[in-house]
Structures are given as structure tokens and as C-alpha cells.
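Asks:
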Ligand SMILES: NC(=O)c1ccc[n+]([C@@H]2O[C@H](COP(=O)([O-])OP(=O)(O)OC[C@H]3O[C@@H](n4cnc5c(N)ncnc54)[C@H](OP(=O)(O)O)[C@@H]3O)[C@@H](O)[C@H]2O)c1
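Here you go:
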């Protein structure tokens, strides 16, 4: 049975993903790298409380892994500054991919964002694009990048901007067809399920799953 490793396991998508990994019965070990407990009790799960600035030092504690999943991320507001946001959404993600590669992961799936582009003037999307670019340069055995539109799901933290966008896009969702289908919100469950499905079977060394395709992967 394969072994999985997850970063971002306490987040909206990460929590869903860990549930799906455990429910699938396909993994005999699920390692999660966290800075606070997940609250999940399962004999197959191993929680590692780590310093994300020193991720490489987790190598000895984890051991070999097959599939790696990254749902790390923050907001500029939560992080406190653009620099702190970039540290999480770029530096920690790339460091986690390096760790996963060193641990032997054959598959790395990561949540990015609709519109990620290293050349854009939008700071958030530029960081996401730079992260994608730098992940590609790591020469991972297989890299799957998911680019969801706005996420829906039960979040403990109140994010006013996200809530307003959810209401607006939720009301207009039936009208979002054709090319507009790409901005239709996707749920945490749909993204997590797509991450899990992406490891099944063979695929190209690099694959980008756009938001409108997340439901059908
Ligand atoms: N929100 C949206 O509508 C949307 C749309 C498209 C793409 N995305 C992207 O999707 C990804 C997942 O989103 P999400 O909503 O599931 O994220 P989330 O709920 O905010 O969870 C983020 C995860 O990252 C961890 N994290 C944040 N800051 C950290 C830090 N300084 N050190 C260590 N860990 C840290 C969190 O740990 P703690 O629990 O310890 O904080 C949590 O496990 C993100 O990359 C996000 O940018 C989001």
C-alpha cells in the first residue's frame, strides 16, 4: 500500500483531503506536516509538528513516501504582510516539494489558483504563478497543479471578501456557462477529490487541471 504525505492538513481543502485519503482505504500511512494538531484520530495517520522554515529537517522523521499533496496557503491579511504571504504560498510550498522529492514521492499534487501567472501585475496571482514555475524547475517525477476558482466550504475563519464573492458568484452560478464556467466556484470536497483521483493511473510528468475540469478529473 502506498504512503501519503500532506501539508496544509488543517485547512479547508487539506482537512477534506485527509478524510478522503483515510476513507479510501488505499493508504497504510498518512503523514501530515502541521504547526497545530488536526484533531483527527486514526492509527494510520502520523502527525509531525514541524517548523516550516526548516522543512528539510523533517526528512529523518517521516521516511519514504509515494504520494505528496500540498494544500498550504494563507492570505495577506492573515499572514500580516506580502512578504509573509509569499513565504507560505511560495517558499513553504517549494520547500515541501523538495522534501517530498527527497523522500521519494512519485507524485506531487498542489493547489494553486485560477489565473496563476508569474507575469501578472496582480500580486497574489503572480506569487501563485512563480510557485508553479519554481515547482516545475524541481524536475519532480510527476507534478499535478490544480487551479481552482473561488472555493466554497465551511471555514472557521471569517473572510469577508471571500464570503461576498461566494454570494455573488453563487447567485450567478447557473449563468456561468461556456467560457465563464471557468470562474464558477468549486467546493473543497471537489478539489480534494480531484487531488486524490489525480494519483490514480499514469499521467504526464506535468499536468495542470483548470478549475472547470476539477469536477471531471
Ligand atoms: N480561498 C479560495 O477561494 C481559493 C481559491 C483558489 C485557490 N486557493 C488556494 O487553495 C489553497 C488551499 O486553500 P484553503 O482555503 O484550503 O487554505 P486554508 O484553509 O487557509 O488552509 C491553509 C493551510 O496552510 C497552513 N498554513 C497557513 N499559514 C501557515 C504558516 N505560516 N505555517 C504553516 N502552515 C501554514 C494552514 O495551517 P494552520 O491551520 O496552522 O493555519 C492550513 O493547514 C491555498 O493555496 C489557496 O491560496 C484558495
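In my numbering, the protein residues as written are -11 to 205.
Note that beta-carbon positions come from the ideal geometry of N, C-alpha and C, so glycine has one too.
Source: prediction; values computed, not measured.
For a minimum of 4 consecutive residues, which ranges assigned as the alpha helix (DSSP H) are wholly contained in the region 117 to 182?
Replies: You should have 148 to 160.
Asks: In the DSSP assignment, what residue or residues form a beta bridge with residue 194?
Replies: DSSP lists 131 as partners of residue 194.
Asks: Quick check: does the Cβ of residue 160 come within less than 6 Å of any heavy atom belonging to ligand 1?
Replies: Not so, every heavy atom of ligand 1 lies at least 6 Å from the Cβ.
Asks: Only counting the same chain, and skipping five residues up and downstream in sequence, which positions put a Cβ closer than 7 Å to that of residue 151?
Replies: Within the same chain, residue 151 has no close Cβ partners at all.
Asks: Are the CB atoms of residue 60 and residue -5 within a distance shorter than 7 Å?
Replies: Yes. Within cutoff.
Asks: Identify which residue in 149, 173, 186, 146 has its Cα closest to the Cα of residue 159.
Replies: Checking every option, the nearest Cα to that of residue 159 belongs to 173.
Asks: Figure out for me which residue from 128, 133, 121 has the closest Cα to the Cα of residue 85.
Replies: Selected option, being the one with the closest Cα: 128.
Asks: Give me the DSSP bridge partner(s) of residue 33.
Replies: In DSSP, residue 33 forms a bridge with 18.
Asks: So the alpha helix (DSSP H) residue 81 belongs to, where does it begin and stop?
Replies: Where residue 81 is concerned, the enclosing alpha helix (DSSP H) stretches over 81 to 90.
Asks: With respect to the alpha helix (DSSP H) encompassing residue 202, which residues constitute its N-terminal and C-terminal limits?
Replies: It is not in any alpha helix (DSSP H) - residue 202 carries neither H nor E in the DSSP assignment.
Asks: On the premise that residue 144 lies in contact with residue 1, defined as a C-beta separation below 8 Å, what is that separation, rounded to the nearest angstrom?
Replies: Not really, about 14 Å apart at Cβ, beyond 8 Å.
Asks: Please work out which residues of its chain come closer than 8 Å, Cβ to Cβ, to residue 123, disregarding the five sequence neighbours upstream and downstream, and give them in chain order.
Replies: Closer than 8 Å at Cβ, skipping near neighbours: 81, 82, 85, 96, 98, 131, 133.
Asks: From the DSSP output, which residues share a beta bridge with residue 64?
Replies: DSSP output for residue 64 lists no bridge partner at all.
Asks: Would residue 93 be called buried (16 or more neighbouring beta carbons within 10 Å of its own) or exposed?
Replies: That one is buried.
Asks: Indicate whether residue 115 and residue 78 have their beta-carbon atoms separated by less than 7 Å.
Replies: Contact: yes.
Asks: Per DSSP, what kind of secondary structure is residue 72 in: helix, strand or coil?
Replies: It is helical.
Asks: Please name the residue in 195, 140, 106 whose C-alpha comes closest to that of residue 171.
Replies: Minimum Cα distance to residue 171 is reached at 140.
Asks: Pick helix, strand or coil for residue 46, following the three-state DSSP scheme.
Replies: Three-state DSSP puts residue 46 in a helix.
Asks: Looking only at C-alpha atoms, which of 201, 21, 73, 11 sits nearest to residue 88?
Replies: Looking at the Cα atoms, 21 is the closest of the given residues.
Asks: I'd like to confirm something about residue 40: is its beta-carbon nearer than 6 Å to some heavy atom of ligand 1, or not?
Replies: Checking the Cβ of residue 40 against ligand 1 gives yes.
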